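To convert, take the position in the sequence shown, counting from 1, and add 250; that gives the working numbering.
Glycine included, C-beta positions come from ideal geometry on N, C-alpha and C.
In this text, all values refer to a predicted model and were calculated from it rather than measured experimentally.
Encoded as structure tokens, the structure appears first; notes follow it.
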Amino acid sequence: MRALWAVLALCACQGAARDEELIVHAETAPAAASCKPEAPVAVVLDARPVGGDAYAVTVRATPSRDVAALELGLVLPPGATVRGAERAAFGATASGASRTIVVTVQTAGPRAGQLTVVARVPVEGIAMSRTAEVTLGTPEPPPRTRSYRTADGELAMEVRP
Numbered sequence: 251m252r253a254l255w256a257v258l259a260l261c262a263c264q265g266a267a268r269d270e271e272l273i274v275h276a277e278t279a280p281a282a283a284s285c286k287p288e289a290p291v292a293v294v295l296d297a298r299p300v301g302g303d304a305y306a307v308t309v310r311a312t313p314s315r316d317v318a319a320l321e322l323g324l325v326l327p328p329g330a331t332v333r334g335a336e337r338a339a340f341g342a343t344a345s346g347a348s349r350t351i352v353v354t355v356q357t358a359g360p361r362a363g364q365l366t367v368v369a370r371v372p373v374e375g376i377a378m379s380r381t382a383e384v385t386l387g388t389p390e391p392p393p394r395t396r397s398y399r400t401a402d403g404e405l406a407m408e409v410r411p
């Protein structure tokens, strides 16, 4: 009986690990030291499959200094639709305070597409932005090729459908 419980516990742990592997994650943040101006905001983007071609998307933006406004927007893959707000504008945001949007993105099919989030903040009268990007879906398989040497010794590749 103890062996059965051990097997069930092991299977449950492996199932949880598989779910975590399905989450697509990207994050960007300002450099600690940079000679060029950049947007003072960190962006985290998580996309988790929820069934079919739908993904639960969570976007979190955290400014590294006080900002007068913060805007978040999604750039969807071709043919995708969103349930929820595709754009959100927030007022003054203190340093370290996170702003979050949660939406569901329905892709046009199982083939891969890029989901991008753009966070914009005004800095001294200039709108600066930071982006994060993830790939949703299954990537296109690489084309099948055949390599061979020609009579003069050059390498040639033939792409086949």
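Is residue i buried or exposed, if buried means 16 or more other CB atoms sit within 10 Å of its CB?
i: residue 343; result: buried
i: residue 317; result: buried
i: residue 369; result: buried
i: residue 401; result: exposed
i: residue 311; result: buried
Are the CB atoms of residue i and residue j nearer to each other than 7 Å?
i: residue 362; j: residue 388; result: yes
i: residue 313; j: residue 293; result: no
i: residue 295; j: residue 309; result: yes
Can you name the start and end residues of the beta strand (DSSP E) that residue i belongs to?
i: residue 370; result: 363-373
i: residue 301; result: 291-301
i: residue 323; result: 320-325
i: residue 313; result: 304-313
i: residue 376; result: 376-386
i: residue 397; result: 394-399
i: residue 426; result: Beyond the ends of the chain as shown, which are 251 and 411, falls residue 426; an answer cannot be given.
i: residue 339; result: 337-340
i: residue 277; result: 274-278
i: residue 317; result: Neither: residue 317 is in no beta strand (DSSP E) and is coded neither H nor E.
Closer than 7 Å, CB to CB, is residue i near chain B or not?
i: residue 293; result: No chain B is part of this structure, which consists of one protein chain only.
Do the region 321-334 and the region 344-359 meet, that is, are 3 or more Cβ pairs less than 8 Å apart? Contact holds: three or more Cβ-Cβ distances are below 8 Å.
Meets three-Cβ-pair contact criterion under 8 Å: the region 346-354 and the region 388-401: The region 346-354 makes no contact with the region 388-401, as fewer than three CB pairs between them are under 8 Å.
Cβ contact check for the region 297-314 and the region 273-284: 3 or more pairs under 8 Å: As far as the Cβ criterion goes, the region 297-314 touches the region 273-284, which means the pair count is three or higher.
Validate contact between the region 332-342 and the region 282-293 using beta carbons, cut 8 Å, 3 pairs: No, the region 332-342 does not touch the region 282-293.
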